[in-house]
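When we follow this note's numbering, the leftmost residue of the sequence shown carries the number 6, and every step to the right adds one.
For each residue, glycine too, the CB sits at the ideal point set by N, CA and C.
To start, the structure itself, in structure tokens.
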Amino acid sequence: MAEAGHEVVGVDRRSSVRPAPGVDLVTADLAVTDLRRLFTGADTVVHLASGLRPQESGADPGHAIPAVAQRLLAALDDSVVTHLVVLSTAMVYGAWPDNPVPLTEEAEVQPCPDFRFAVRRADLERRAEEWGRGRPERVTTILRPAVTVAEEKPGGLARLLASAKAIRSEEGDPMGQFLHADDLAEAVVVVVDRRPLGPVNVAPDGWIPAPLMADLGGPVPRLRLPAPLGAGVARLRWTLGLTDAPPGIQPYTVHPWVVSNDRLRQLGWEARHSNEEAYVAGHEPGTFDQLDARSRQVLSLGAALVFVVGLVSGLVWLLRRLGDHPVDGHD
């Protein structure tokens, strides 16, 4: 944006990141800083502080978002800003068996209710759109990106989804859709320039079919279970601390939620990285990737056995706890 002649001021909680040429970086925490002072003279605000951080992968990831959003929008009410760009997620559509493939911006916002990350983003969208309706000159743009990755950095969502996929449902496997962070940055530049009203999906063309997703993921141990049992095992893994993926994310590893990028392409945007390229770029190569096929197979079988034994041990532990603390019934 600075290259296009815009005066750009970035706001971040940490100053460890070197700003791009032409960008002034201000170190501030949106939860406590006087935002009205920061917005003085600005005509556009781009709110990107809604990515999932590792410490947010608990039962209620993103719990601080409503409070920060409320402070942000209150400050915008007292400013001359006319364009607000908010980073949301394609997860707000929810992962449902009857989802069209792909989802367009006209699809209903119905995030899976047990995955608070997506629910919080839907609430953020609603608040931002309410601000936009406050005055006729205001424009609110909502970016709904697919799972975003950077060079050798899968990102919070990609990590959680990969962890959750250790349990596979008999209902099926979803397609994959991965967006490179550089392409997301370019989408931000495009919407700031074009000022589209409403939601805009951000994803490369198409998606990765389920069989290819399995190949890209490698021969890692996975259990395929009936849906009810799979959901129970996911909750057990979470309860025992065997995964950082909350059980509410499980539907997103089963049902489709890939999105169309037609609207963004009509604005002049084009992804430089395909889904496959983004996935590979965001994959952190480790020792497992450097082994030959036979060694991988041996390790995978061993890991699968350990995984099953761990789950059985967890079930025994849970049953013993229930036996030690019986639930009394009362009429």
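Asked, Found
"Local Cβ density within 10 Å of residue 100, reported as buried at 16 or more and exposed below that", "buried"
"Beta-carbon proximity of residue 266 to residue 186, cut-off 8 Å", "no"
"Whole-angstrom distance between residue 145 and residue 130, CA atom to CA atom", "9 Å"
"Residue 13 and residue 27 closer than 8 Å at C-beta", "yes"
"Euclidean distance between Cα positions of residue 85 and residue 42", "12 Å"
"Under the three-state DSSP convention, the category residue 28 falls into", "strand"
"Burial state of residue 83, where buried means 16 or more other Cβ atoms lie within 10 Å", "exposed"
"Outcome for residue 75 when other beta-carbon atoms lying within 10 angstroms are tallied against a minimum of 16", "exposed"
"Whole-number beta carbon distance between residue 287 and residue 337, since they are thought to touch under 8 Å", "There is no way to answer for residue 337, as the model of the chain reaches only from 6 to 336."
"Boundaries of the alpha helix (DSSP H) in which residue 83 is found, first to last residue", "Counting along the chain, residue 83 falls outside any alpha helix (DSSP H), and DSSP gives it neither H nor E."
"Extent of the continuous beta strand (DSSP E) run through residue 17", "13-17"
"Extent of the continuous beta strand (DSSP E) to which residue 184 belongs", "183-185"
"Residue of 165, 18, 242 and 281 minimising C-alpha distance to residue 258", "165"
"When 81, 39, 189 and 142 are compared against residue 53, the one with the closest alpha-carbon", "189"
"Nearest-angstrom Cα separation, counted from residue 280 out to residue 337", "With the chain covering only 6 through 336, there is no way to say anything about residue 337."
"Beta-carbon proximity of residue 192 to residue 262, cut-off 8 Å", "no"
"For residue 132, the first and last residue of its enclosing beta strand (DSSP E)", "Element bounds for residue 132: not the beta strand (DSSP E) but the alpha helix (DSSP H), 121-137."
"Sequence-distant residues of the same chain with beta carbon closer than 8 Å to residue 136, five excluded per side", "78, 81, 82, 89, 143 and 145"
"DSSP three-state assignment for residue 301, whether helix, strand or coil", "Any reading at residue 301 must be qualified, since the residue scores a pLDDT of 39, below 50, and its modelled position is unreliable; the value itself is stated next. It is helical."
"Distance, residue 36 Cα to residue 124 Cα", "20 Å"
"Sequence-distant residues of its chain with Cβ nearer than 6 Å to residue 147 (five each side left out)", "91, 93, 130 and 204"
"Span separating the alpha-carbon of residue 180 from that of residue 107", "10 Å"
"Close Cβ partners of residue 71 (< 8 Å) along its chain, the five nearest in sequence each way excluded", "125, 128, 129 and 132"
"Coil, strand or helix - residue 71 by DSSP", "helix"
"Assumed close pair residue 95, residue 264 - CB separation to whole angstroms, cut-off 8 Å", "5 Å"
"Cβ-Cβ distance between residue 168 and residue 103 below 8 Å", "no"
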